[in-house]
Amino acid sequence: MREADAIVVGGGLHGCSAALQLALRGRRVVVLERRHVGRHASGINAGGVRTLGRDLAEVPLSVLGMAHWHGIRELVGDDCGFTACRQVKVAETPAELSALERRAQAVRRLGYDHERVVDAHELRRLVPAVAGHCVGALVADGDGAADPYRTTHAFAARARAAGAQVVEGAAVTGLDWRHGAWVVATTAGTWRAGAVVNAAGAWAGRLAALAGDDFPLTTRASMMIVTERMPPFVVPVVSAAGRALSFKQSASGTVIIGGGQQGRADLDREQAWVNVSNLARSAQAAAALFPAMREARVVRAWCGIEAQTPDRLPVIGHSTRAPGLVHVFGFSGHGFQLGPVCGLAVADLVLAGGTALPVAPFSPARFAAAAAA
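Per my numbering, the very first residue in the sequence shown carries number 145; after that it's consecutive.
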């Protein structure tokens with residue numbers, strides 16, 4: 145049996161970020177990944193790095209998280225493909241623009257001013273190719289996008305360099321609390337540690353159940369489209385107030401279209417399948433906002449697998465039933481930007497039992513309280 149101070153289950157961005165922060169604080173850390181680093185949602189998501197439009201409960205943590213993205217090279221030795229190209233949420237009707245104005249006011253009441261409303265003229269200055277019927281937008285100037293696969297592997301590499309062990313092909317088969325420590329059995333051997341971090345993504349509910357925790361999770365299979373290369377026509381990442389759409393053009397000219405349309409996932413088989421009808425809605429939304437897209441050809445489409453909570457907010461915090469177990473999962477399709485800052489929060493929780501970072505709204509205890517009510 146191998147010994148560690150902390151065991152992180154899951155080699156996605158959140159697991160690797162937590163491992164990095166624990167290793168930087170001098171702890172012996174092992175990451176156990178069933179397949180390979182970035183295999184599922186962490187490596188194949190849209191790569192949006194946004195504070196824009198966050199649930200109000202996430203705003204404080206997300207705003208803090210942007211500082212890490214703007215200094216990402218200093219943190220992991222790689223810029224992760226991050227560009228602060230801003231994010232723009234487009235309103236197509238006066239009613240949608242009014243809703244965005246109310247949203248900006250709500251954010252200001254929290255004490256933040258990173259979201260601003262722009263009129264149709266300013267929208268066309270920022271996004272000249274947008275359709276003529278659009279009437280304005282909500283904008284976050286410091287937001288942008290990054291390469292998710294590159295980012296996840298950069299965190300894994302930096303964690304290794306800091307002393308963490310990352311073990312791929314290590315599927316967890318048992319989780320037991322014995323004599324004041326966790327014993328984690330895997331297909332690649334057995335480890336013992338005083339702390340376990342559950343960063344198992346779509347499978348985190350199953351790992352939690354081994355420790356006696358029960359979470360009401362469902363599974364997301366958010367789909368993405370990439371098109372052929374096109375002449376440059378859009379710089380910011382664009383979303384829509386009234387449509388499920390995330391839209392950006394890469395440096396190579398390809399266009400990446402997401403927004404949360406769902407495919408089908410099978411956790412047992414670790415596979416996901418594209419739903420062509422739902423995929424067509426993503427393409428139609430892109431064509432409605434950008435006339436240049438109407439003749440674009442799709443090169444490929446795919447979907448990732450992730451856990452979703454009932455309130456679509458993540459689970460970050462100590463188990464309510466098991467000692468030394470910290471959960472960080474359930475980001476419900478919007479966890480990429482939070483990866484770096486959540487690593488700090490998880491390290492605090494493991495080593496100090498608490499954190500000054502604003503993660504209280506994401507406590508696992510909220511589900512126990514809801515069940516009791």
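Cβ atoms here follow ideal geometry from the backbone N, Cα and C, with glycine treated the same way.
| In the structure shown, what three-state DSSP assignment does residue 492 receive? | Helix, per DSSP.
| Endpoints, alpha helix (DSSP H) assigned at residue 519 | Absent from the structure is residue 519, since the part of the chain shown begins at 145 and ends at 517.
| request: Please name the residue, chosen from 505, 275, 291, that lies closest to residue 188 on a Cα-to-Cα basis. | output: Residue 188 has its Cα closest to that of 291, out of 505, 275, 291.
| Are the region 400-410 and the region 247-260 touching by the rule of at least three beta carbon pairs closer than 8 angstroms? | No, they do not touch.
| query | Does the distance from the CB of residue 376 to the CB of residue 270 come in under 8 angstroms? | reply | Not in contact: residue 376 and residue 270 (Cβ atoms no closer than 8 angstroms).
| Cβ of residue 489 within 8 angstroms of Cβ of residue 460? | Yes, Cβ-Cβ distance for residue 489 and residue 460 is below 8 angstroms.
| field | Collapsed DSSP secondary structure at residue 384 in the structure displayed | value | Under the three-state reduction of DSSP, residue 384 is assigned to strand.
| Helix, strand or coil: which one does DSSP assign to residue 104? | Residue numbering for the chain in the displayed model covers 145 to 517; residue 104 lies beyond these limits and cannot be assessed.
| Where residue 391 falls: helix, strand or coil (DSSP) | Residue 391 falls in the strand class under three-state DSSP.
| task | Specify whether the region 381-391 and the region 207-219 touch according to this definition: at least 3 beta carbon pairs, one from each stretch, less than 8 angstroms apart. | result | No, because fewer than three Cβ pairs between the region 381-391 and the region 207-219 fall closer than 8 angstroms, the two stretches do not touch.
| field | Helix, strand or coil at residue 577 [DSSP, three-state] | value | Residue 577 lies beyond the range of the chain shown here (145 to 517); nothing can be said about it.
| query | Within this structure, are the beta carbons of residue 259 and residue 196 separated by less than 8 angstroms? | reply | Contact flag set, yes.
| request: Give the straight-line distance between the Cα atoms of residue 365 and residue 483, rounded to the nearest whole angstrom. | output: Residue 365 and residue 483: Cα-Cα distance of roughly 19 angstroms.
| query | From this set, 342, 181, 443, which residue's C-alpha is nearest residue 369's C-alpha? | reply | It is 443 whose Cα lies nearest to the Cα of residue 369.
| message | I'd like the span of the alpha helix (DSSP H) that includes residue 188, first residue to last. | response | For residue 188, the enclosing alpha helix (DSSP H) begins and ends at 185-188.
| task | Quick one: measure Cβ to Cβ for residue 181 and residue 308, integer angstroms, because I've assumed they're closer than 8 angstroms. | result | About 12 angstroms separates the beta carbon of residue 181 from that of residue 308, a gap too long to meet the 8 angstroms contact definition.
| task | Could you tell me the boundaries of the beta strand (DSSP E) in which residue 351 lies? | result | Careful: residue 351 lies outside any beta strand (DSSP E), inside the alpha helix (DSSP H) at 348-354.
| task | Answer yes or no: do residue 149 and residue 231 have a C-beta to C-beta separation smaller than 8 angstroms? | result | Taking 8 angstroms as the Cβ cut-off, residue 149 and residue 231 do not qualify as a contacting pair.
| message | I want to know whether the region 231-250 touches the region 167-187 - three or more CB-CB distances under 8 angstroms. | response | Flag = no, the region 231-250 and the region 167-187 do not touch.
| Exposure label - residue 420; buried when at least 16 CB within 10 Å | Of the residues assessed, residue 420 falls on the exposed side of the cut-off, its CB having fewer than 16 other CB atoms within 10 angstroms.
| query | What separation, rounded to the nearest whole angstrom, lies between the Cα atoms of residue 359 and residue 474? | reply | In a straight line, the C-alpha of residue 359 is about 10 angstroms away from that of residue 474.
| Which first and last residues belong to the beta strand (DSSP E) in which residue 177 is found? | Residues 173-177.
| Which residues bound the beta strand (DSSP E) around residue 401? | Its beta strand (DSSP E) spans residues 399-402.
| message | Please identify the residue among 339, 323, 317 whose C-alpha is closest to the C-alpha of residue 330. | response | The candidate whose alpha carbon is nearest that of residue 330 is 317.
| task | Identify whether residue 476 lies in helix, strand or coil by the three-state DSSP scheme. | result | Three-state result, residue 476: coil.
| field | Stretch-stretch touch, CB-based, cutoff 8 angstroms, three pairs: the region 330-343 with the region 437-456 | value | Output reads no: the region 437-456 does not touch the region 330-343.
| said: Can you tell me where the beta strand (DSSP E) holding residue 277 begins and where it ends? | reply: Residue 277: not part of any beta strand (DSSP E); DSSP gives it neither H nor E.
| request: Using DSSP bridges, identify the partner residues of residue 406. | output: Note: residue 406 sits in a beta bridge opposite 366.
| For residue 278 versus residue 389, is the C-beta distance shorter than 8 angstroms? | Judged by their CB atoms, residue 278 and residue 389 are not nearer to each other than the 8 angstroms cut-off.
| query | Would the C-beta of residue 160 count as close to the ligand SAM, meaning under 7 angstroms from any of its heavy atoms? | reply | No copy of the ligand SAM occurs in the structure displayed, which carries no ligand at all.
| task | Taking residue 314 as part of the alpha helix (DSSP H), name the residues at either end of that continuous run. | result | Membership of residue 314 in any alpha helix (DSSP H) is not indicated, and neither H nor E is assigned to it by DSSP.
| query | How about residue 201 and residue 487: do their beta carbons lie closer than 8 angstroms? | reply | Not in contact: residue 201 and residue 487 (Cβ atoms no closer than 8 angstroms).
| request: Assuming residue 399 and residue 371 form a contact by the criterion Cβ under 8 angstroms, report the distance between their Cβ atoms to the nearest whole angstrom. | output: About 4 angstroms separates the two Cβ atoms, so the contact holds.
| query | Whose C-alpha, out of 418, 396, 355, is nearest the C-alpha of residue 462? | reply | The candidate whose alpha carbon is nearest that of residue 462 is 355.
| Considering only C-alpha positions, which residue in the set 257, 471, 295 is nearest to residue 347? | Comparing Cα positions, the closest option is 471.
| query | Taking C-beta to C-beta, are residue 321 and residue 467 nearer than 8 angstroms? | reply | Taking 8 angstroms as the Cβ cut-off, residue 321 and residue 467 qualify as a contacting pair.
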